[in-house]
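Some notes on the structure that comes next.
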Amino acid sequence: MAVSGSSARSSLIVQLSPTRNAKLSFTVQLILTLFWLSWAAMLLFSEESAAGQGYLYYVFFGLAVVFLFYVILQNTSVFGVQSYIEITQQYIVQKFGVFRTKHLIQIPDIASVHITPLALRLTLKDESQVYLDLKQVRKKRDLDRIKMKMREMAETHNYAVSDTVGNRI
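Residue numbers (the numbering used here): 13 to 181.
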């Protein structure tokens, strides 16, 4: 997914797939949630439900609806891109989902970048290291665009770039 407008050349936004590192796939999460929702509806609308515990069935059904909303929001782009990597001329942002914080790395603070097939290891000027996991990038073309953008910016921001073979680029 590319950025539109005048900043299309200077900014790169790549959508991530959060289900690639989830313990349960999106399909399994959706099936379990729909089972929970149907069970809650069956309890709620059955005629044998106890009059004193009716509010618990509403709570159980409400929680099922909220969890269904969460699963869809976290794993699809129905409500817009929620998980992404953005690379601009001044910073790199990595966001893993709606309810997670953004990780911001200033480009001028980068001393070197080591590129592996599915990750970027950034060494900052204060000798700390930041690991950007690229396993969630959806398309190989987007993965190549991220790596190419980091190589292109190395010339303007004077940081060293190396790859898994150890060759200087």
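In this text, a Cβ means the ideal position worked out from N, Cα and C, and glycines have one as well.
Just reading off the alpha helix (DSSP H) that Asp154 is part of, what are its end residues?
Here residue 154 is taken as the residue at index 142 of the sequence shown, counted from 1. From DSSP, the alpha helix (DSSP H) with Asp154 extends over 152-169.
Do Asp156 and Val26 have their beta-carbon atoms positioned less than 7 Å apart in this structure?
Taking the first residue of the sequence shown as 1, we reach residue 26 at position 14. Taking the first residue of the sequence shown as 1, we reach residue 156 at position 144. No.
So what does DSSP say about Ser58, is it helix, strand or coil?
Within the sequence shown, numbered from 1, the residue matching residue 58 stands at position 46. Three-state result, Ser58: coil.
Sort out for me which residues DSSP pairs Lys35 with in a bridge.
Looking up residue 35 in the sequence shown gives position 23. Bridge partners of Lys35: none, in fact.
Which listed residue (Leu144, Ser174, Pro120) has its alpha carbon closest to that of Leu130:
If you number the sequence shown from 1, residue 130 lands on position 118. Put simply, of Leu144, Ser174, Pro120 the residue whose alpha carbon is nearest the alpha carbon of Leu130 is Leu144.
Could you give the C-beta distance for Met162 and Val173, rounded to a whole number, given that I count them as a contact under 8 Å?
By 1-based counting over the sequence shown, the position of residue 162 is 150. By 1-based counting over the sequence shown, the position of residue 173 is 161. Contact between Met162 and Val173 is confirmed by a C-beta separation of about 7 Å, below the 8 Å threshold.
If I measure Cβ to Cβ from Leu136 and keep anything under 8 Å in the same chain, skipping five residues before and after, which residues do I get?
Here residue 136 refers to the residue found at position 124 of the sequence shown. Close CB contacts of Leu136 within its chain, under the 8 Å cut and outside five residues either way in sequence, are with Ile117, Asp121, Ile122, Ala123, Val142 (chain order).
Look up Leu28 in the DSSP assignment and give the residues it is bridged to.
For the purposes of this step, residue 28 is identified with residue 16 of the sequence shown, where counting begins at 1. Paired residue(s): Val149.
Along the chain, where does the alpha helix (DSSP H) containing Leu85 start, and where does it finish?
Counting from 1 along the sequence shown, the entry for residue 85 is found at position 73. That run of the alpha helix (DSSP H) goes 66-87.
Going by DSSP, what residue range makes up the beta strand (DSSP E) through Arg133?
Counted from its first residue, the sequence shown places residue 133 at position 121. Where Arg133 is concerned, the enclosing beta strand (DSSP E) stretches over 131-136.
Could you check whether Gln86 and Gly109 sit closer than 7 Å to each other, using their CB atoms as the reference points?
The residue you call residue 109 lines up with position 97 of the sequence shown. The residue you call residue 86 lines up with position 74 of the sequence shown. With a cutoff of 7 Å on beta-carbon distance, Gly109 and Gln86 are scored as near each other.
In angstroms with no decimal places, state the Cα-to-Cα distance between Gln148 and Leu44.
In the sequence shown, residue 148 corresponds to position 136, counting from 1. In the sequence shown, residue 44 corresponds to position 32, counting from 1. When rounded, the distance between both Cα atoms is 23 Å.
So what does DSSP say about Val105, is it helix, strand or coil?
The residue you call residue 105 lines up with position 93 of the sequence shown. In this structure, Val105 counts as strand in the three-state DSSP scheme.
Buried versus exposed call for Gln106 [16 or more other C-beta atoms within 10 Å across all chains shown]
By one-based count along the sequence shown, residue 106 stands at place 94. Classified as buried, Gln106 has 16 or more neighbouring CB atoms from the shown chains inside 10 Å of its CB.
When the Cα atoms are used, what is the spatial distance from Ile158 to Ser140?
Here residue 158 refers to the residue found at position 146 when the sequence shown is read from its first residue. Here residue 140 refers to the residue found at position 128 when the sequence shown is read from its first residue. Their backbone Cα atoms lie some 21 Å apart in a straight line.
Using a 10 Å radius around the Cβ and a threshold of 16 neighbouring Cβ atoms, would you call Met54 buried or exposed?
By 1-based counting over the sequence shown, the position of residue 54 is 42. Classification for Met54: exposed.
Return the chain-ordered list of same chain residues with a C-beta closer than 6 Å to the C-beta of Gln41, the five sequence neighbours on each side being excluded.
The residue given as residue 41 occupies position 29 in the sequence shown. Excluding sequence neighbours, Gln41 sits near Val83.
DSSP three-state assignment for Ser124, whether helix, strand or coil:
For the purposes of this step, residue 124 is identified with residue 112 of the sequence shown, where counting begins at 1. Reduced to three states, the DSSP call for Ser124 is strand.
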